[in-house]
Amino acid sequence: MSQETPYIFDATTADFDQSVIENSFHKPVLVDFWAEWCAPCKALMPMLQTIAESYQGELLLAKVNCDVEPDIVSRFGIRSLPTVVLFKDGQPVDGFAGAQPESAVRAMLEPHVQMPPPAAADPFEQAQALFDDGRYADAEAALVLMLTEDNTNAKALILYARCLTERGELDEAQTVLDAVKSDEHKAALAGAKAQIKFLGLARDLPDAADLKARLAKDPQDDEAVYQLAIQQLARQQYEAALDALLKLFIRNRSYSEGLPHKTLLQVFELLGNDHPLVTVYRRKMFAALY
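Numbering (full-length UniProt numbering), first residue to last: 1 to 290.
In structure tokens form, the structure reads like this:
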């Protein structure tokens, strides 16, 4: 039943005044009176430990084994187990007897203990969240700060390149990606390079909405199918694009001198053999070929 940390500890008769009473002038101390034979105690203690850990040192948890420390039991008149008492400024201020749900324990603690502020988010995670929300300029600004400190940060370089890509700076984005030397983020790097490649091809094509309108009128419009697949590849909608290219390849292998087949192979090369969609669609393409 012991799980010692700087803010979870056993309290004894010898050190109770110091570990509980004196400490409670600095931080609230929750005292758990328990015994080995008490089944509800054994169910309650792990939950109290979890709660104490969630306060990250703003709440101390002292455990009193009542079979070993009868003097403390007598001193505070403990009559049933488990009993939990909250000490603050040297005095018991709240508590409960019997097992309680976590929500009830937290509600009891709320008026007395300040929850610590959430840990600052990882700078890259913040930039990624901004990018995912479409706030590309804000994400780019955050990444520039990160890269000022470490210009070899591979994942930051890749996301920075994607920000540049979103505002049309394809050549600059490619230069940034060429500076990535680590193999740790191979799939993300391949995806970013593929996006730049297909964005370049998509620049002079009709937009996706117009192409979808054409296909609604004529699903056999091979040119619209191919051009929409390029637009989808430019937006990293790989599965939809690969599916469309494969169907076009099966239906019309000679379209534009075998361009769907060539594009499928190009996508496979750009994404890399480890990409799960490459495995699936390479197998489907070979099945169609043979």
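C-beta atoms are modelled at their ideal positions from N, C-alpha and C, and glycine is treated no differently.
Got a sec, what are the start and stop residues for the alpha helix (DSSP H) residue 107 sits in?
102–109 is the span of the alpha helix (DSSP H), which, as asked, contains residue 107.
Short of 6 angstroms in beta carbon distance, which residues of its chain neighbour residue 2, apart from the five on each side in sequence? Order them along the chain.
With a pLDDT of 48 at residue 2, under the threshold of 50, the predicted position of this residue should be treated as unreliable, and no value is reported.
Leaving aside the five residues before and after residue 106 along the sequence, list all residues of the same chain whose C-beta is less than 8 angstroms from its C-beta, in chain order.
51
Specify, as a first and last residue, the run of the beta strand (DSSP E) that residue 15 falls within.
From DSSP, residue 15 is part of no beta strand (DSSP E); its letter is neither H nor E.
Since residue 60 is in the beta strand (DSSP E), which residue starts that stretch and which ends it?
60–65
Looking at the structure shown, is residue 8 part of a helix, part of a strand, or coil, going by DSSP?
strand
Please determine if the region 162–181 and the region 128–141 are in contact, where contact requires at least 3 C-beta pairs separated by less than 8 angstroms.
yes
With DSSP run on the structure shown, which of helix, strand or coil describes residue 277?
helix
Going by C-alpha to C-alpha distance, which of 64, 173, 49 sits closest to residue 199?
173
Between residue 233 and the rest of its own chain, which residues show a CB-CB distance below 6 angstroms, the 5 nearest in sequence each way excluded?
198, 241
Which first and last residues belong to the beta strand (DSSP E) in which residue 95 is found?
91–97
Tell me whether residue 26 is buried or exposed, calling it buried when 16 or more other Cβ atoms sit within 10 Å of its Cβ.
exposed
Look at the alpha carbon of residue 46 and the alpha carbon of residue 101, and state the distance between them as a whole number of angstroms.
12 angstroms
Given a threshold of 16 other Cβ atoms within 10 Å of its Cβ, counted over all protein chains shown, does residue 83 qualify as buried or as exposed?
buried
Evaluate residue 290 with the Cβ neighbour count: other Cβ atoms within 10 Å of its Cβ, from every protein chain shown; 16 or more gives buried, anything less gives exposed.
exposed
Let me know the secondary structure DSSP gives residue 31 once reduced to three states.
The three-state secondary structure of residue 31, taken from DSSP, is strand.
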